[in-house]
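A.B. asks: Numbers given in our numbering equal positions in the sequence shown, counted from 1, plus 405. Just so it is clear, CB atoms sit at the ideal spot from N, CA and C, and this is done for glycine as well.
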Amino acid sequence: MSPAGSILVTGANGGIGSAIISRINSTPELASYHGIYTVRHRAAEPLPGIMQSKSTHVEHHYEALSLDLSRLENVREIAAIINRKVSAGEIPPIRALILNAGYQEMDEQRFTDDGLATVFVANYLGHWLLVLLLLGSMDRERGRIVVLGSKAHEYGPVSQSFMSIILGPSLKQNARPFADEKWKTILADSTDPIAKGTWSTQKEDPSWMSGMRRYGAAKLCAIMMIAELQRRLDLDANLKNISILGIDPGTVPWYCTHEYRASQSLVHPCSAVPDRPPAMQAWHNPKGNNEVQTVDRAAKDILAAAFDSSSVLGEQPKGLYLDGSERAEISAEAQDPRKREMA
Numbered sequence: 406m407s408p409a410g411s412i413l414v415t416g417a418n419g420g421i422g423s424a425i426i427s428r429i430n431s432t433p434e435l436a437s438y439h440g441i442y443t444v445r446h447r448a449a450e451p452l453p454g455i456m457q458s459k460s461t462h463v464e465h466h467y468e469a470l471s472l473d474l475s476r477l478e479n480v481r482e483i484a485a486i487i488n489r490k491v492s493a494g495e496i497p498p499i500r501a502l503i504l505n506a507g508y509q510e511m512d513e514q515r516f517t518d519d520g521l522a523t524v525f526v527a528n529y530l531g532h533w534l535l536v537l538l539l540l541g542s543m544d545r546e547r548g549r550i551v552v553l554g555s556k557a558h559e560y561g562p563v564s565q566s567f568m569s570i571i572l573g574p575s576l577k578q579n580a581r582p583f584a585d586e587k588w589k590t591i592l593a594d595s596t597d598p599i600a601k602g603t604w605s606t607q608k609e610d611p612s613w614m615s616g617m618r619r620y621g622a623a624k625l626c627a628i629m630m631i632a633e634l635q636r637r638l639d640l641d642a643n644l645k646n647i648s649i650l651g652i653d654p655g656t657v658p659w660y661c662t663h664e665y666r667a668s669q670s671l672v673h674p675c676s677a678v679p680d681r682p683p684a685m686q687a688w689h690n691p692k693g694n695n696e697v698q699t700v701d702r703a704a705k706d707i708l709a710a711a712f713d714s715s716s717v718l719g720e721q722p723k724g725l726y727l728d729g730s731e732r733a734e735i736s737a738e739a740q741d742p743r744k745r746e747m748a
């Protein structure tokens, strides 16, 4: 039987990525799709998500590709390979494009060969370029692009209760990184300070908080991409049925590729939450939205965003943003049309 379509997942060997693939491989309806799974470094052995899951009676065909989102030339190369295969009929059009890969740095700032901030390119610009290059290979009637968002750019009071410390960070986890008024507006007149790494530098703030702000700024740009790209898709007669939506998967243990010393995980619980027993996490967060999340629940919510037609999503969930399984509002800065177009 021919595959029903293709599913492309970036960051496929991370915590959430592995859980997504495991759920695809063990769900007959999803296993019938052709998988395109990108990882930063391609290994010879099967992907963890395939090895850890029970396959169904439906054989899941997939390919794993090496993709370093911080290298834009590599993004172009991989997009060209996928486009050629879709055009030749070797693989079906992309039904779901899940932008899952994430990258954080807490010990020092890193830059690409092009002189751009690695955290900006890996979390936003690389994904933006990948999406633009693959639009012609999307399923033009039912295709969905799912952007993984975050609360990392938001700020507010932090709960200091014993239970919040034991069970996970509060919903507004960024009171400390954004306490100073100068950090509360991320984008002003240009994206250059974020893109070139001159905003919230490691030199002016050597703590983990500068890295958290830079990560939050990159995720803000990714969230801004949702409404802006949907606006542009709606104006194109050939692409108007494609939906782009975002989802905050919650604070998930070891979600990103982390670049920081182990000691810093002790002072930055938001990014390196020790894994709690699934039952405890599920009890703490039964609906799967906000706060701490298991990777399995996050994967379930993400795949629902990519395929379901529920009362929350509808048939074409254009420009929606979800907090787990529920609709949510994006931040005031992310809603600014001028800043969205700028990004």
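1. Compare the C-alpha of M511 against each of Y726, P611, A417 and name the closest.
2. Would the segment 472-492 count as touching the segment 522-532 if we require 3 or more Cβ pairs under 8 Å?
3. With three or more beta-carbon pairs closer than 8 Å as the criterion, would you say the segment 485-500 touches the segment 585-602?
4. Look at Q514 and Q635 and say whether their C-beta atoms are less than 8 Å apart.
5. Let's see if you can read the secondary structure: which residues bound the alpha helix (DSSP H) around D639?
6. Flag this pair as yes or no: are the beta carbons of S411 and Y442 separated by less than 8 Å?
7. Nearest-angstrom Cα distance between A627 and A748?
8. Grab the span of the beta strand (DSSP E) containing A469 for me, first residue to last.
9. Provide the residue(s) that pair with Y726 in DSSP beta bridges, ordered along the chain.
10. Are A633 and R489 touching if we call contact CB-CB under 8 Å?
11. In its own chain, which residues sit with a C-beta less than 8 Å from the C-beta of E478, not counting the 5 before and 5 after it?
12. From which residue to which residue does the beta strand (DSSP E) around R500 run?
13. Thinking just about the alpha-carbon of each residue, which of G719, I425, V491 is nearest to the one in L538?
14. Excluding sequence positions up to five away, which residues of its chain have a Cβ less than 8 Å from the Cβ of D597?
15. Mind reading off the beta-carbon distance from R549 to A711? Whole number of angstroms is fine, and I expect it under 8 Å.
16. Taking the alpha-carbon positions, what's the E468 to L452 distance?
17. Just curious, the beta strand (DSSP E) that G440 is in, first and last residue?
18. Could you please give the first and the last residue of the uninterrupted alpha helix (DSSP H) stretch that includes L534?
19. Which one of R545, I631, W613 has the shortest CA to CA distance from L644?
20. With distances taken Cα to Cα, identify the nearest neighbour of L540 among G554, A506, R637.
21. Apply the 10 Å Cβ neighbour rule to A642 and answer buried if 16 or more other Cβ atoms are within range, or exposed otherwise.
22. Among the candidates A623, G616, L718, S714, whose CA atom is the shortest distance from the CA of A527?
23. Measure the C-alpha to C-alpha separation of R699 and V657 and round it to an integer number of angstroms.
C.D. replies: Straight from the coordinates:
1. Ranking Y726, P611, A417 by Cα distance to M511 puts P611 first.
2. At 8 Å Cβ cutoff, the stretches touch.
3. Touching, no, given that fewer than three Cβ pairs across the two stretches are closer than 8 Å.
4. Result no, Cβ atoms of Q514 and Q635 do not sit closer than 8 Å.
5. First-last of the alpha helix (DSSP H) with D639: 613-639.
6. No, the pair does not count as a contact, with Cβ atoms beyond the cut-off.
7. About 9 Å.
8. Residue range 467-471 is occupied by the beta strand (DSSP E) that includes A469.
9. BP columns for Y726 point to G651.
10. Inspection of the sequence shows that residue 633 is occupied by Glu rather than by Ala. Not closer than 8 Å, so no.
11. If the five residues before and after E478 are omitted, its C-beta is found closer than 8 Å to no C-beta atom of its own chain.
12. Taken as a continuous stretch (DSSP letters only), the beta strand (DSSP E) holding R500 covers 499-504.
13. Checked all of G719, I425, V491; the closest Cα to L538 is V491.
14. Same-chain partners within the cutoff: T603.
15. Indeed they touch by this definition, with Cβ atoms about 5 Å apart.
16. Straight across, the Cα-Cα distance linking E468 with L452 is about 10 Å.
17. According to the DSSP assignment, G440 belongs to the beta strand (DSSP E) that extends over 439-444.
18. Taken as a continuous stretch (DSSP letters only), the alpha helix (DSSP H) holding L534 covers 531-539.
19. Nearest C-alpha to L644: R545.
20. Comparing Cα positions, the closest option is R637.
21. In the assembly as shown, A642 is an exposed residue. Its beta-carbon has fewer than 16 other beta-carbons within 10 Å.
22. Nearest C-alpha to A527: A623.
23. For clarity, residue 699 is Thr in the given sequence; the question names Arg instead. Our two residues, T699 and V657, have alpha carbons roughly 6 Å apart in a direct line.
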